[in-house]
Each structure stands twice: as C-alpha cells, then as structure tokens.
C-alpha cells in the first residue's frame, strides 16, 4: 500500500512539473511576440522620422522622434507657410496636425518606402515628398525655392525675347523686290529690299537707275 501511495504521489508531482513547463513556454512565447511588436513599431518610427521635400511644389517637412515637426511651403503670391506640427501613428498611416488656423483639420500621411504622401480635405492639395539624407534647413529651403523661381522666370523672359527677335528676323524681306511710286514726281521704282532697317524697324531697299547720259543713280527707300 505504501508503494502505491508513492506512485500516486509521483504522478501528481510530474503533473505539476508539466504545468510549470507549459506556463513557462507560454510566457516565453508572449514575451517574444511583444519584442517583435516593439521592434516593428520602432522600425516604422525610424522610417518616418527625418526630412522630406517636394521640389515640384516647393514644400518640405521635418518629423522629429518626439512627435513634433515643421512644415514649410514657398508661396509665389502669398506669404510663405511655416508651421509647427505634431504627428502620431494612426493604424497603417499617420495623423499630422499643423498649428495653423487656416488648416481646417488634421492631415493624413502615408509612408511608402521613402515616399510620404500628405493629404487632407478638399481645401488641401495632396503632396508627395521624398525622404532626404540628413536634416533640411527649412529656412534655407524657402530661400532657395524663391531664388530658383526667379532664375526660372528670368530664363523664360530671355527665351521670350529671343523668340521675338527670331520672329522679327524671320519677317525680313531681304532680297525681295517691291514696286514703289514716288508721289513727288510720279515715277515708279523697282526696289530690291536690303534687309536692313532705319533704326525704327522700317525696312530699307534700293533701286538703281541709269539715265540717258549713262550715269547710274541709286535711290534708297524706307518701307513705311
């Protein structure tokens, strides 16, 4: 009888050991999942923290690890936008709130690789930013954006001027012949246009005539 009791007691002890091992395994599994979740969260945060810019629209944004940041936009007609902001993870995307009374509500940011898409309501134009290395000096970014705009406008004006000059040259009548009448004496002249002008845009031409004595006369005409 004593031996049987010992056997029973041994089985009970084994059961307790198995339960203990099961609890330990579950605890290790839960701990491992928590570590993985934490690593994923940190990876996502590392990806969105930094500076992004949109050269096409002249905008840039910096997102800090503490949930703060700054957004700037170089406006050609109105004062530049330069707003502080806060951001937070919201499901698969991020919610960005600009400290700007002109922005009616929070914005939604979606990160795909190094592309950050910022969208809002109907009053906000969706912008796409590209992440850059290092941190952008946003004040310098605004200044550079305006300087590039001025250079672009200057180039456009120069091109327009050149186009106008080319158009003027293409309208030259050099080599063409025209018949002109001299109202003072009623004579007519067959004038060959030289392509030159009188300084005021009026093209000039010449006519050569030989009189009865064999003397050649040159008549110069200005097209009015």
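Residue numbers (our numbering): 3 to 226. Idealized CB from N, CA, C, for every residue including glycine.
Tell me the DSSP secondary structure of residue i in three-state form.
i: residue 78; result: coil
i: residue 98; result: strand
i: residue 68; result: coil
i: residue 63; result: strand
i: residue 224; result: strand
i: residue 58; result: coil
i: residue 127; result: coil
i: residue 137; result: coil
i: residue 198; result: strand
i: residue 178; result: coil
i: residue 170; result: Note on residue 170: pLDDT 46, under 50, position unreliable in the model; no value is reported.
State the CB to CB distance for the pair residue i and residue j, rounded to an integer number of angstroms; the pair is presumed to be in contact (CB under 8 Å).
i: residue 100; j: residue 85; result: 5 Å
i: residue 227; j: residue 111; result: With the chain represented from 3 up to 226, any question about residue 227 goes unanswered, as that position is not in the structure.
Taking all protein chains shown into account, do 16 or more other C-beta atoms lie within 10 angstroms of the C-beta of residue i, making it buried, or fewer, making it exposed?
i: residue 78; result: exposed
i: residue 114; result: exposed
i: residue 49; result: exposed
i: residue 117; result: exposed
i: residue 80; result: exposed
i: residue 71; result: buried
i: residue 107; result: exposed
i: residue 132; result: exposed
i: residue 60; result: buried
i: residue 55; result: buried
i: residue 190; result: exposed
i: residue 74; result: buried
Does the CB of residue i have a neighbour CB from chain B at under 7 Å?
i: residue 145; result: This model lacks chain B altogether, as it is built from one protein chain only.
contact_flag[the stretch 128-144, the stretch 85-95] where n(CB pairs < 8 Å) is 3 or more = no
Enumerated in chain order, which unbroken segments of the beta strand (DSSP E) with a length of 3 residues or greater are wholly contained in the stretch 100-124?
-> 109-114, 117-121
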